[in-house]
Every structure is written in structure tokens, then in C-alpha cells.
Amino acid sequence: MRIRTTVAIISFLVCSAVFFEPPSQGADSGSRKLSTSELRAIIIQDRALASAQDVEVVGTGPQVTVMTAPAPGTAEKDLKIDAMFVARSLIEAVPGQIEAVKVLYNTHGRDARFVIINKLTVDRFGSGKISAEDLLASLSLETVGRDGQAESRVAPGPLMERRLLISRRIEELKNAGTDVRHYQELFDAIEAQVRGKQPSNPEKSVAALETRLSEQEEDLAQARRTAQGKGVPGIKKAEAPKESMLLLRVYSMRAPEIMRRLSRGQSPDLAACTSLGTEIDKLLKGGKTDEAAAKIKEFSRLASRSLGYEPFNVTSRHPPGKPPKAGKGGQPPPGPRGQNAFFPRNFRDNEQNGP
Numbered sequence: 001m002r003i004r005t006t007v008a009i010i011s012f013l014v015c016s017a018v019f020f021e022p023p024s025q026g027a028d029s030g031s032r033k034l035s036t037s038e039l040r041a042i043i044i045q046d047r048a049l050a051s052a053q054d055v056e057v058v059g060t061g062p063q064v065t066v067m068t069a070p071a072p073g074t075a076e077k078d079l080k081i082d083a084m085f086v087a088r089s090l091i092e093a094v095p096g097q098i099e100a101v102k103v104l105y106n107t108h109g110r111d112a113r114f115v116i117i118n119k120l121t122v123d124r125f126g127s128g129k130i131s132a133e134d135l136l137a138s139l140s141l142e143t144v145g146r147d148g149q150a151e152s153r154v155a156p157g158p159l160m161e162r163r164l165l166i167s168r169r170i171e172e173l174k175n176a177g178t179d180v181r182h183y184q185e186l187f188d189a190i191e192a193q194v195r196g197k198q199p200s201n202p203e204k205s206v207a208a209l210e211t212r213l214s215e216q217e218e219d220l221a222q223a224r225r226t227a228q229g230k231g232v233p234g235i236k237k238a239e240a241p242k243e244s245m246l247l248l249r250v251y252s253m254r255a256p257e258i259m260r261r262l263s264r265g266q267s268p269d270l271a272a273c274t275s276l277g278t279e280i281d282k283l284l285k286g287g288k289t290d291e292a293a294a295k296i297k298e299f300s301r302l303a304s305r306s307l308g309y310e311p312f313n314v315t316s317r318h319p320p321g322k323p324p325k326a327g328k329g330g331q332p333p334p335g336p337r338g339q340n341a342f343f344p345r346n347f348r349d350n351e352q353n354g355p
């Protein structure tokens, strides 16, 4: 359990004052306006997001939005610290280009949060006018709301951050092999509604699409667990059942929900899958499990054309419950400047270890 004390805050403040130095990027950038990819490179080089899994920069100034996915279980204070690292890295790297940085933590949907840090705050802390403790206390993680604004690739208007997150979730599903055409059509309709400034509020449409995306993401996660021999009940401390029995178990658990997905998505394969479902039920009632398993495989392959994955696939190169071995892992080497220019790395160490 982490121990956070006033002593750790004071230690951090002292180290920040001793090691504060101007960022190396600023000298090379001159008066040229940096692109989003160059701004992202600054964040990566500075290791400004120690708790993040990925980074995307939207906009080049005067306000920049940095969207990232925090590691599971990251504490609120650590999210604030990460945001301050990012703000300092960008604002000091390109003087005059960026006045404020919004760090948007993508937690998929309406629970996403953000914090905004402006140039004045960075300057005041850098000059010692405010303490680290006061700075942390002054920052607030806000939940993405109805009137949130962000400079982004989506249309300006209501629910901007939520729409930005939706666009990214669709892209992630597409990269995972899912057929996202229906989701993209729904999203495009929402964007057209916002751009057309229609009187109706997009709240219901956005919420409905978020729910569908969550369902699809859960389906994808379940398929991955199943492929590794996980998530299938009733086989603990027993010999692995034959593949046909696994298929029957997974099919009985997932078939109703998969049919609802196909129906809501208006899948062109809905009729064929419905017919196969009827055949499978007849075979099961007749005790013909192997024949039923063969039909389930056919159902799975057919449904995959709309879902982007085979929902009843239980085959795997690894034994059930034994995913592939992990690599050696390890932390990446520190950047050329490390963290000591603003919030030194040993501040996090002090927080974790206590005085």
C-alpha cells in the first residue's frame, strides 16, 4: 500500500527546485510550429506519462489535447502528476505555441476524465511561487460531461470528448479485426447531427453507441479468453473435455447474446444464423452432439463476418488456462533528461516507499 505524506511532497519540491532545467526540445524548435507527431515525440522522449499505455495528441495550440489510457488502478494523484509532466514538457518545449494542455484519460465512455493545466500554472510552479502540495491540490480531475470542449478531429459541439473517445474505440475495434461499418455509420450520423446544429440533443445517440461498443469490446475480450481456455466454467481440476463439449458449453452461454448482436447490427447473415440455430437445437435434442458441434463451428464462422471474430472458437495453440509465456519485460531506459526537470522520478519513489 502506497504511503503518501507531507514529507514526500516536501522532498519532491526540493528536488524539483534543484534539478529544474529548460527542456532540450525548445532550442531546436525555434519559431517553427511543431506538428502533433512532433509534440507526441516530446512526450515519449521525456517519459512524461509513466502510467500510460498509449498517447495521442490532438491539436497544435494554443490548447492541445493529449489523450491516453492510464494503467489499471492508477491513483488519482498519479494521474495529476502525469498530467503535470505532460503540460510542462509541451509548454516549455515550444514557447509561444501552447498556452494550455488538456490531458484526457480514456477509460472508455462516460467515465473518462480530464485535467487542464495552463502555462501560468507551469510558470508559477517553476519559479517557486506555488508549492508542489498546493499545485496538486489545485488540480481537479473532471468527468467528461455534456458541455465539455476539446480541440479535436470531431465536430465542435456538445459531448465533444465523448465523441472523440468513441471515434478512437471504433478505430481500436477495427484494428482488432472487427467489422465496424455499422458503428461507423452510427457515429457519422451523430457527427452530421452536431454539424447540422439540429435542435435534438445527441445525448441518447451517443449513450446508445457507447453501450454497443462496450458490448462489442466485451465480446472480443470473451473470445480472447475462450481461445486461451479461460472463461469456460465447470472444467477446473478435471481432464480437458473434448472440443465438441467445449463448443456446446460456450454456445449455450453465448448464442442468445450473439443473436441479439446480429439483430441489432442488422447483419446480412442474421437469417442464415437463425436457420443454423434451429438446426443445432434439433441436433442437440436428438443427442447428436458431434454433428451439432460441426454446425456451431459453421455458425461461428458465419457470424464472424459481422462481428469481426469467431464467437464460439475454443481452439488454441496453448493448453486451457495456460496462455503463452511472457517475455523478459523490464522498464525502458530513461530519456536524455529523465523526470528531474519538473517532477523528478525519485518523487514517485518517495511516494511509494514513504519517508
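First residue of the sequence shown? That's 1 in our numbering, and the numbers climb one at a time after it.
Backbone N, C-alpha and C define an ideal beta-carbon position, used for all residues, glycine too.
Legend entry - Beta-carbon contacts of aspartate 357 that lie in its chain and below 8 Å, excluding the five residues immediately before and after: Residue 357 cannot be examined here, being either before or after the span of the chain that is shown, 1 to 355.
Legend entry - threonine 278 versus methionine 253 - alpha carbon distance: Counted from its first residue, the sequence shown places residue 278 at position 278. Counted from its first residue, the sequence shown places residue 253 at position 253. The straight-line gap from Cα to Cα measures roughly 16 Å.
Inset, instruction - Check the C-beta distance from phenylalanine 299 over to cysteine 273 and give it rounded, since I have them as a contact under 8 Å. - result: If you number the sequence shown from 1, residue 299 lands on position 299. If you number the sequence shown from 1, residue 273 lands on position 273. Their Cβ separation, rounded to whole angstroms, is 6 Å, which keeps phenylalanine 299 and cysteine 273 in contact under 8 Å.
Inset, instruction - Could you tell me the boundaries of the beta strand (DSSP E) in which leucine 104 lies? - result: Here residue 104 refers to the residue found at position 104 when the sequence shown is read from its first residue. Leucine 104 -> beta strand (DSSP E) spans 100-105.
Legend entry - Three-state class that DSSP yields for arginine 257 in the structure shown: Stepping through the sequence shown from its first residue, residue 257 is reached at position 257. The amino acid at residue 257 is misidentified as arginine; the sequence shows glutamate. Helix.
Legend entry - proline 220 to lysine 129 span [Cα, whole Å]: Working through the sequence shown from its first residue, we reach residue 220 at position 220. Working through the sequence shown from its first residue, we reach residue 129 at position 129. According to the sequence shown, residue 220 is leucine rather than proline. Each residue's Cα considered, the two are about 50 Å apart.
Legend entry - valine 66 - containing beta strand (DSSP E), residue span: Your numbering for residue 66 matches position 66 in the sequence shown. Start and end: 63-70.
Legend entry - Endpoints, beta strand (DSSP E) assigned at isoleucine 116: For the purposes of this step, residue 116 is identified with residue 116 of the sequence shown, where counting begins at 1. Start and end: 113-118.
Legend entry - For valine 57, the three-state DSSP class (helix, strand or coil): In the sequence shown, residue 57 corresponds to position 57, counting from 1. Residue state, collapsed to three classes: strand.
Inset, instruction - Compare the C-alpha of tyrosine 183 against each of Gln97, Leu262, Asp134 and Gly196 and name the closest. - result: The residue you call residue 183 lines up with position 183 of the sequence shown. Residue Leu262 is the option with its Cα nearest to tyrosine 183.
Inset, instruction - Provide the residue span of the alpha helix (DSSP H) that contains arginine 88, from first to last. - result: Residue 88 sits at position 88 when you count from the first residue of the sequence shown. Where arginine 88 is concerned, the enclosing alpha helix (DSSP H) stretches over 76-93.
Inset, instruction - Would you kindly report the start and end of the unbroken alpha helix (DSSP H) that includes phenylalanine 312? - result: Residue mapping note: residue 312 aligns to position 312 of the sequence shown, counting from 1. Counting along the chain, phenylalanine 312 falls outside any alpha helix (DSSP H), and DSSP gives it neither H nor E.
Inset, instruction - Assign leucine 120 to buried or exposed, taking buried as 16 or more other Cβ atoms, counted over all protein chains shown, within 10 Å of its Cβ. - result: Along the sequence shown, one-based indexing puts residue 120 at 120. That one is exposed.
Legend entry - Outcome for glutamate 218 when other beta-carbon atoms lying within 10 angstroms are tallied against a minimum of 16: Taking the sequence shown and counting its residues from 1, the one referred to as residue 218 is at position 218. Glutamate 218 is exposed by the Cβ-count criterion.
Inset, instruction - With distances taken Cα to Cα, identify the nearest neighbour of proline 256 among Ala303, Ala294, Thr289 and Ile81. - result: The residue labelled residue 256 in the question sits at position 256 within the sequence shown. Considering only alpha carbons, the answer is Ala303.
Legend entry - Residues bridged to arginine 121 [DSSP beta-bridge criterion]: Taking the sequence shown and counting its residues from 1, the one referred to as residue 121 is at position 121. Correcting the residue type first, residue 121 is threonine in the shown sequence and not arginine. Paired residue(s): none; threonine 121 is not in a bridge.
Legend entry - Cβ contact check for the region 96-108 and the region 59-78: 3 or more pairs under 8 Å: yes
Legend entry - Reference lysine 297, options Ser131, Leu276, Gly308 and Gly287, closest by Cα: Counting from one through the sequence shown, the residue named residue 297 turns up at place 297. For lysine 297, the nearest C-alpha among the options comes from Leu276.
Inset, instruction - Decide if alanine 271 is buried, meaning its Cβ has at least 16 other Cβ atoms within 10 Å, or exposed. - result: What you label residue 271 is simply residue 271 of the sequence shown in a count that begins at 1. Flag for alanine 271 reads exposed.
Legend entry - Beta-carbon spacing of lysine 77, threonine 60 below 8 Å: As a working note, residue 77 is residue 77 in the sequence shown. As a working note, residue 60 is residue 60 in the sequence shown. Not in contact: lysine 77 and threonine 60 (Cβ atoms no closer than 8 Å).
Inset, instruction - Please go through the same chain and pick out, in chain order, the residues whose beta-carbon is closer than 6 Å to the beta-carbon of phenylalanine 125, but skip the five residues on each side of it. - result: By one-based count along the sequence shown, residue 125 stands at place 125. Taken in chain order, the residues that qualify are Leu135.
Inset, instruction - List the DSSP bridge partners of threonine 143. - result: Counting from 1 along the sequence shown, the entry for residue 143 is found at position 143. According to DSSP, which records beta bridges pairwise, threonine 143 is partnered with Arg113.
Legend entry - Contact under 8 Å by Cβ, leucine 359 with isoleucine 117: Outside the modelled stretch of the chain, which goes from 1 to 355, sits residue 359, for which no answer is possible.
Legend entry - isoleucine 166 versus proline 268: straight-line alpha-carbon distance, rounded: For this step, residue 166 is matched to residue 166 along the sequence shown. For this step, residue 268 is matched to residue 268 along the sequence shown. For isoleucine 166 and proline 268, the gap between their C-alpha atoms comes out near 24 Å.
Inset, instruction - Please list, in chain order, all residues of the same chain as valine 115 whose beta carbon is under 6 Å from its beta carbon, the five residues on each side excluded. - result: By one-based count along the sequence shown, residue 115 stands at place 115. Cβ within range, chain order: Ala83, Val103, Leu139 and Leu141.
Legend entry - Span of the alpha helix (DSSP H), counted from its first residue to its last, around serine 304: For the purposes of this step, residue 304 is identified with residue 304 of the sequence shown, where counting begins at 1. First-last of the alpha helix (DSSP H) with serine 304: 289-307.
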